[in-house]
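Enquirer: Got a structure for you, questions after.
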Amino acid sequence: MSTRPYVIASAAVSLDGYLDDTSDQRLLLSNEEDFARVDEVRAGVDAILVGAGTIRTDNPRLLVRSGRAHPAKVTITGSGDLDPAANFFTTGDVEKLVYTSAPAPVRDRLGAVATVVDGGRPLDLRRVLADLAARGVGRLMVEGGGAVHTQFLTAGVVDELHLAIAPVFVGEAAAPRFVGPGRFPPGRLQLTETRRIGDVVFMRYHLGQAARDHRRLREAIALAANCPPSATFRVGAIVTDAADRVLATGYSGETAPHDHAEEVALAKLGDDPRLASATIYSSLEPCSARASRPVSCTQRILDSGIPRVVFAWREPDLFVDCVGAETLRAAGREVRELPDLAGLVQETNAHLPFRT
Ligand SMILES: NC(=O)c1ccc[n+]([C@@H]2O[C@H](COP(=O)([O-])OP(=O)(O)OC[C@H]3O[C@@H](n4cnc5c(N)ncnc54)[C@H](OP(=O)(O)O)[C@@H]3O)[C@@H](O)[C@H]2O)c1
Ligand SMILES: [Zn+2]
């Protein structure tokens with residue numbers, strides 16, 4: 001089981017790396033269109049976390065504008081020096097969680113407006129994340145400020161970093177920086193997207209295991225180009241070992257017309273002991289029931305013992321309802337969905353009558 005949510009750290013920064021200036025007014029670094037992008041990301045997560053400093057300085061509401069379901073709100077504080085009348089607590093009919101290293105006094109102050117949770121003393125980010133996962137948070141967006149970004153990045157618990165670079169200088173040494181000093185993940189991050197949004201540049205990076213997953217899943221999706229025209233869904237699959245070495249690949253229709261990509265790849269491995277610590281990447285959610293064969297790919301993955309499954313596109317209910325991800329999770333397997341790559345899979349399956 002995954003012990004923490006998938007974490008997206010998101011910030012807008014000036015050209016000289018600041019999150020804000022020192023004035024009382026909040027410095028608007030994003031433009032309107034970029035705020036809409038941030039809104040989209042918010043709409044796709046289960047919870048948003050900001051540090052207590054950001055609540056005190058910016059008094060953010062942290063709601064989704066577009067009328068979709070609001071994510072839960074989360075903050076961390078040692079002092080508990082937060083105003084119960086702050087927008088964080090008073091807006092949005094959602095769960096508000098306060099993790100603190102001093103639960104008793106913080107509960108006295110904020111217990112009426114939020115759920116106050118003991119985060120350990122000193123506050124332990126991994127404990128906070130494990131607790132969020134246990135509360136059903138699968139995707140967490142961390143929106144700053146600098147103290148929070150520094151800690152999440154140096155703790156190695158960020159999977160994606162979203163940076164919007166605004167065309168302004170701040171130039172004040174006392175202004176809050178995106179990150180302070182610390183031991184950050186070594187090496188170069190994997191740049192997975194750049195986008196011009198008006199006068200702002202948006203950059204997306206993947207880190208650590210998320211970077212490996214992103215790269216391997218793209219490769220699996222590309223394998224679908226080999227599928228014969230007879231394949232209904234055009235799917236690619238890759239099985240890797242614990243050190244990210246490729247053990248086997250497969251694509252739909254590779255060896256027989258009704259073959260699914262996952263079963264092709266698994267058939268090449270038999271009962272290889274390396275499956276016990278392997279990951280299977282598939283462009284599509286593994287099927288849980290199928291018209292053409294008695295054994296689903298979900299069942300084959302369960303039988304293989306593979307502990308991790310990563311896929312891009314949740315199977316549309318075209319032919320049969322798919323509960324592959326749910327079934328695998330219920331059996332204790334770690335399931336990662338990378339919806340950002342679903343568009344690529346849809347392109348390779350444009351012949352199917354699905355609606356996005
Ligand atoms: N441009 C952007 O995208 C963006 C986004 C967000 C914020 N900001 C800016 O960032 C600035 C705020 O950043 P910041 O670094 O001052 O504050 P912050 O990171 O939002 O919050 C820091 C506070 O969080 C609590 N905290 C953090 N780590 C903790 C730990 N390990 N244990 C216990 N409590 C912990 C502490 O609260 P207590 O002091 O209560 O103990 C600490 O003072 C503001 O100027 C805001 O405008 C910009
Ligand atoms: Zn299948």
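Read in order, the letters of the sequence shown correspond to residues 1 to 356 in UniProt numbering. Think of the CB as a built atom: it goes at the ideal place given N, C-alpha and C, for glycine as much as any other residue.
My understanding is that residue 358 touches R107, with C-beta atoms under 8 Å, so please give their C-beta distance in whole angstroms.
Expert: Examination of residue 358 is not possible in this model, given that the chain is present from 1 through 356 alone.
Enquirer: Measure how close the beta-carbons of E326 and P307 come, nearest whole angstrom, since I'm counting them as under 8 Å.
Expert: The pair is not a contact, with the Cβ atoms about 17 Å apart (cut-off 8 Å).
Enquirer: Are A265 and A248 closer than 7 Å when you measure CB to CB?
Expert: Yes, Cβ-Cβ distance for A265 and A248 is below 7 Å.
Enquirer: Quick one: give me the first and last residue of the alpha helix (DSSP H) that R218 is part of.
Expert: 208 to 223
Enquirer: Using 8 Å as the Cβ pair cut-off and three pairs as the minimum, do the stretch 26 to 43 and the stretch 187 to 202 touch?
Expert: yes
Enquirer: Ligand 2: which residues have Cβ under 7 Å from any of its heavy atoms, chain order?
Expert: H260, E262, E263, P286, C287, R290, S296, C297
Enquirer: Suppose contacts are defined by Cβ-Cβ distances below 7 Å. Is A267 in contact with D20 by that definition?
Expert: no
Enquirer: Quick test of your reading: E168 and L29, contact by CB under 8 Å. State the CB separation rounded to the nearest angstrom.
Expert: For the record, residue 168 in the displayed sequence is Val; it is not Glu. The pair is a contact, with the Cβ atoms about 7 Å apart (cut-off 8 Å).
Enquirer: Could you say if the stretch 154 to 169 and the stretch 9 to 18 meet the contact criterion of at least three C-beta pairs nearer than 8 Å?
Expert: yes
Enquirer: Within 8 Å, do at least three Cβ pairs link the stretch 173 to 187 to the stretch 213 to 232?
Expert: Flag = no, the stretch 213 to 232 and the stretch 173 to 187 do not touch.
Enquirer: Measuring alpha carbon to alpha carbon, tell me which of D272, T279, R314, S277 ends up nearest S288.
Expert: R314
Enquirer: Taking the alpha-carbon of residue 369 as reference, which of R139, E263, V158 has the nearest alpha-carbon?
Expert: Since the first and last residues shown for the chain are 1 and 356, residue 369 lies out of range.
Enquirer: Drop a sphere of 10 angstroms on the beta-carbon of L284, count the other beta-carbons inside from all chains shown, and report buried for 16 or more, exposed for fewer.
Expert: buried
Enquirer: Ligand 1 and L29: does any heavy atom of the ligand fall closer than 6 Å to the residue's C-beta?
Expert: yes
Enquirer: Considering only residues of the stretch 105 to 176, which uninterrupted alpha helix (DSSP H) runs meet the minimum length of 4 residues and lie entirely inside it, listed in chain order?
Expert: 125 to 134, 146 to 154
Enquirer: Does ligand 1 have even one heavy atom less than 6 Å from the beta-carbon of V158?
Expert: For ligand 1, not one heavy atom lies less than 6 Å from the Cβ of V158.
Enquirer: Taking 6 Å as the cut-off, is the beta-carbon of E143 closer than that to any non-hydrogen atom of ligand 1?
Expert: yes
Enquirer: Report the rounded CA-to-CA distance for F89 versus I221, giving the unit in angstroms.
Expert: 43 Å
Enquirer: Helix, strand or coil for S282 per DSSP?
Expert: strand
Enquirer: Kindly list the residues whose CB is nearer than 7 Å to the CB of I301, restricted to its own chain and excluding five residues on each side of it in sequence; keep chain order.
Expert: E262, I280, P286, V309, L328
Enquirer: Looking only at its chain, what residues have a beta carbon closer than 6 Å to the beta carbon of D46, apart from the 5 residues adjacent to it on each side?
Expert: P71, V137, G138, R139
Enquirer: Evaluate D259 with the Cβ neighbour count: other Cβ atoms within 10 Å of its Cβ, from every protein chain shown; 16 or more gives buried, anything less gives exposed.
Expert: buried
Enquirer: Just curious, the alpha helix (DSSP H) that Q190 is in, first and last residue?
Expert: Per DSSP, Q190 is not a residue of any alpha helix (DSSP H); the beta strand (DSSP E) it occupies stretches across 190 to 197.
Enquirer: Where S277 and S252 are concerned, what is the direct C-alpha to C-alpha distance, given to the nearest angstrom?
Expert: 24 Å
Enquirer: So what does A12 bridge to, in DSSP terms?
Expert: DSSP links A12 through a beta bridge to A164.
Enquirer: Would you identify the three-state DSSP class for T100, choosing helix, strand or coil?
Expert: It is a strand residue.
Enquirer: Compute the Euclidean distance between the alpha carbons of M1 and R336, then round it to the nearest angstrom.
Expert: Any reading at M1 must be qualified, since the residue scores a pLDDT of 43, below 50, and its modelled position is unreliable; no value is offered.
Enquirer: Using the C-alpha atoms, what's the distance from G324 back to P294?
Expert: 15 Å
Enquirer: Rank L223, L207, A52, Q151 by C-alpha distance to the C-alpha of F178 and give the top, closest one.
Expert: Closest in C-alpha terms to F178, from the list L223, L207, A52, Q151, comes Q151.
Enquirer: Exposed or buried, which one is G51 when buried takes at least 16 other CB atoms within 10 Å?
Expert: buried
Enquirer: To the nearest angstrom, how far is it from the Cα of D118 to the Cα of V64?
Expert: 27 Å
Enquirer: DSSP on I76, reduced to helix/strand/coil?
Expert: strand
Enquirer: Would DSSP call T249 helix, strand or coil?
Expert: strand
Enquirer: Output the distance between the C-alpha atoms of I48 and A114, rounded to the nearest integer angstrom.
Expert: 14 Å
Enquirer: What does DSSP give as the partner residue(s) for L49 in the beta ladder?
Expert: V74, V142
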